[in-house]
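Only one structure is covered here, and it is reproduced in the block below.
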Amino acid sequence: MDYFYKGMIRKTWILAALFMFIMLTSCDNRSHNRKPFVWDEDVKQLIGVENLNAWLRKAPFGDELKQAEKDKLIFTNAKQVFPFMNRYYDAIEELREYGDPATDTVIFSAKEVLFQDSVWGDLFVGAMLLYDDREVFLSDSYLESGSPIFGGVEAVRDIHRASLYETGVLAKHPKYKTGIYRVWTSYRDYLLGFYQQGQLVFEAVVPLLGSDTLATLNKMKEISKNLGLNVPEWENATVEQLQQVDEPKSFWQDPFLGIYPNKFTHDVYLKIKDTPFIQDEKPRKGDYYFAYRADNGDVSLYTLLQKTEMTKDDFNEANKEMDSYRYSYDDIFYEEESNNGYVSGTAKTYFKDNQYLEIYYSYPEADGKAKKQAHSILRYVNTRSY
Numbered sequence: 032m033d034y035f036y037k038g039m040i041r042k043t044w045i046l047a048a049l050f051m052f053i054m055l056t057s058c059d060n061r062s063h064n065r066k067p068f069v070w071d072e073d074v075k076q077l078i079g080v081e082n083l084n085a086w087l088r089k090a091p092f093g094d095e096l097k098q099a100e101k102d103k104l105i106f107t108n109a110k111q112v113f114p115f116m117n118r119y120y121d122a123i124e125e126l127r128e129y130g131d132p133a134t135d136t137v138i139f140s141a142k143e144v145l146f147q148d149s150v151w152g153d154l155f156v157g158a159m160l161l162y163d164d165r166e167v168f169l170s171d172s173y174l175e176s177g178s179p180i181f182g183g184v185e186a187v188r189d190i191h192r193a194s195l196y197e198t199g200v201l202a203k204h205p206k207y208k209t210g211i212y213r214v215w216t217s218y219r220d221y222l223l224g225f226y227q228q229g230q231l232v233f234e235a236v237v238p239l240l241g242s243d244t245l246a247t248l249n250k251m252k253e254i255s256k257n258l259g260l261n262v263p264e265w266e267n268a269t270v271e272q273l274q275q276v277d278e279p280k281s282f283w284q285d286p287f288l289g290i291y292p293n294k295f296t297h298d299v300y301l302k303i304k305d306t307p308f309i310q311d312e313k314p315r316k317g318d319y320y321f322a323y324r325a326d327n328g329d330v331s332l333y334t335l336l337q338k339t340e341m342t343k344d345d346f347n348e349a350n351k352e353m354d355s356y357r358y359s360y361d362d363i364f365y366e367e368e369s370n371n372g373y374v375s376g377t378a379k380t381y382f383k384d385n386q387y388l389e390i391y392y393s394y395p396e397a398d399g400k401a402k403k404q405a406h407s408i409l410r411y412v413n414t415r416s417y
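Everything in the sequence shown is counted per my numbering, starting at 32 for the first residue and increasing by one.
Now the structure itself:
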């Protein structure tokens, strides 16, 4: 059974041509405004070309599934088959491309080459170039909604899942980090080879053919050689090392804590799990209270939901003269004052339904680390307005 489907979604040839013209024009405008990309010389030498697709096509597979043809729009359901494809996290959140030069300052390029190999079936190799060399992580689980192109309107309710399991093939060095993971999806099981060298992130996903794990592992080794990666951990890996480990340590750890629960999730998320703050079981102030003891004194933070008659636009306009952060389309306004060796601050952001979130915090004035911890939370306040 094939899990990829090609669909030429065009009502007329003109529609397809018009779509391509719009896309090319958009890309041309974007290329003039986007952040300059500076190659790491080692990465450039490794790839050998500036075209990621050309490098990825060195993978030892046949029957590439074309994702573009002249005058045709081609769609696949690859994201449903591989919910984890080219999806990575930094220490805070998932890396995304927004199509806006002003905000696309993390990912320079992301490509994947799909194959329907006569022996191995459906698989892919993918690569991403980052503007910097920030460390990225895989998640241990991924979800992707269905595509209406292949299943109609009702397909958006379908959920496609993938679970990743860390194995004994794992390493982190000053120059690179790597690992081979077992993957379970709704369709079949795979081995996933992950490799990051500075600004380059690479992954290869090859199906497991029944119980023949060795054949898939050997194919991983062949990929490493063909693409010039020559990853020692892949080359020396054994089937015995590919057992799931009991205590994984390489996956992304979500730093956000949900507060103000709704029917399904939470309405507000604070990036607080990676800080020293400890939550009160019974808040001494506000709706949610967090605190810790620093070298120079107590550091605290608590939240309240307040009523307002203003719309979001009016609220933002009324507070625009305050210092602020912007995250996930929300503005977080704040002001501080010093008194008796302590800084007291108030932050606020519009929430929904004529409410705004208010955050009160304090820290010792002489404690730069405490200030950094408090502001690391303010910078990433995430509200859900739906």
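Virtual Cβ for every residue (Gly too), placed ideally from N, Cα, C.
Check	Outcome
Are the beta-carbon atoms of residue 339 and residue 291 separated by less than 7 Å?	no
From the DSSP output, in three-state form, read off residue 411 for me.	coil
For residue 408, collect the residues of the same chain with a Cβ closer than 7 Å to its Cβ; drop the 5 residues on either side in sequence, then sort them by chain order.	301, 302, 303, 306, 332
From the DSSP output, in three-state form, read off residue 99 for me.	coil
Can you tell me where the alpha helix (DSSP H) holding residue 78 begins and where it ends?	72-78
Compute the Euclidean distance between the alpha carbons of residue 134 and residue 298, then round it to the nearest angstrom.	24 Å
May I ask you to report which of helix, strand or coil DSSP gives residue 247?	helix
What separation, rounded to the nearest whole angstrom, lies between the Cα atoms of residue 361 and residue 346?	11 Å
Would you call the segment 341-355 and the segment 392-400 touching, i.e. three or more CB-CB distances under 8 Å?	no
Should residue 146 be labelled buried (16 or more other beta-carbon atoms within 10 Å of its own) or exposed?	buried
Which class does residue 123 belong to by DSSP, given the choice of helix, strand or coil?	coil
From residue 153 to residue 284, what distance separates their C-alpha atoms?	30 Å
Leaving out five residues before and five after residue 206 in sequence, what residues of the same chain have Cβ atoms less than 7 Å from its Cβ?	228
Please report the distance separating the alpha-carbon of residue 219 from that of residue 364.	48 Å
Taking residue 313 as part of the beta strand (DSSP E), name the residues at either end of that continuous run.	Note, residue 313: premise wrong, no beta strand (DSSP E); not H, not E.
Residues bridged to residue 203 by DSSP?	208
Using the C-alpha atoms, what's the distance from residue 263 back to residue 114?	28 Å
Give the single residue among 334, 222, 130 whose Cα lies nearest to the Cα of residue 379.	334
Take residue 233 and list the residues in its own chain whose beta-carbon comes closer than 6 Å to its own, dropping the five residues that flank it on each side.	158, 226
CB-CB under 7 Å to residue 128, same chain, minus the five flanking residues each way: which ones, in chain order?	135, 138, 141
Pull up the distance between the alpha-carbon of residue 81 and that of residue 90, whole angstroms please.	17 Å
Grab the span of the beta strand (DSSP E) containing residue 142 for me, first residue to last.	138-148
Measuring only the C-alpha atoms, how far is residue 68 from residue 162?	6 Å
Among all the DSSP beta bridges, which residues are the ones paired with residue 155?	145, 236
Between the C-alpha atoms of residue 221 and residue 253, what's the straight-line distance to the nearest angstrom?	16 Å
So the alpha helix (DSSP H) residue 227 belongs to, where does it begin and stop?	Looking at the DSSP string, residue 227 is not in any alpha helix (DSSP H); the run it does join, the beta strand (DSSP E), is 220-228.
When the cut-off is 7 Å and only beta carbons count, does residue 138 lie next to chain C?	Structure shown: chain C not included; a single protein chain is present.
Taking the alpha-carbon of residue 400 as reference, which of 349, 371, 323 has the nearest alpha-carbon?	323
Inspect the beta-carbon positions of residue 412 and residue 231 and report whether they are closer than 7 Å.	no
Tell me which residue opens and which closes the alpha helix (DSSP H) that residue 366 is part of.	Note, residue 366: premise wrong, no alpha helix (DSSP H); beta strand (DSSP E) at 361-370.
Using 8 Å for Cβ pairs, my map puts residue 169 next to residue 83. What's the rounded Cβ distance?	Not quite, the Cβ-Cβ distance comes to about 19 Å (not below 8 Å), so this is no contact.
Need the endpoints of the beta strand (DSSP E) that residue 321 sits in, please.	319-325
Just curious, the alpha helix (DSSP H) that residue 266 is in, first and last residue?	263-266
Distance, Cα to Cα, residue 295 vs residue 174?	16 Å
Starting from the Cα of residue 385, find the closest Cα among 109, 374, 337 and give me that residue.	337
To the nearest angstrom, report how far apart residue 208 and residue 383 are at their CA atoms.	42 Å
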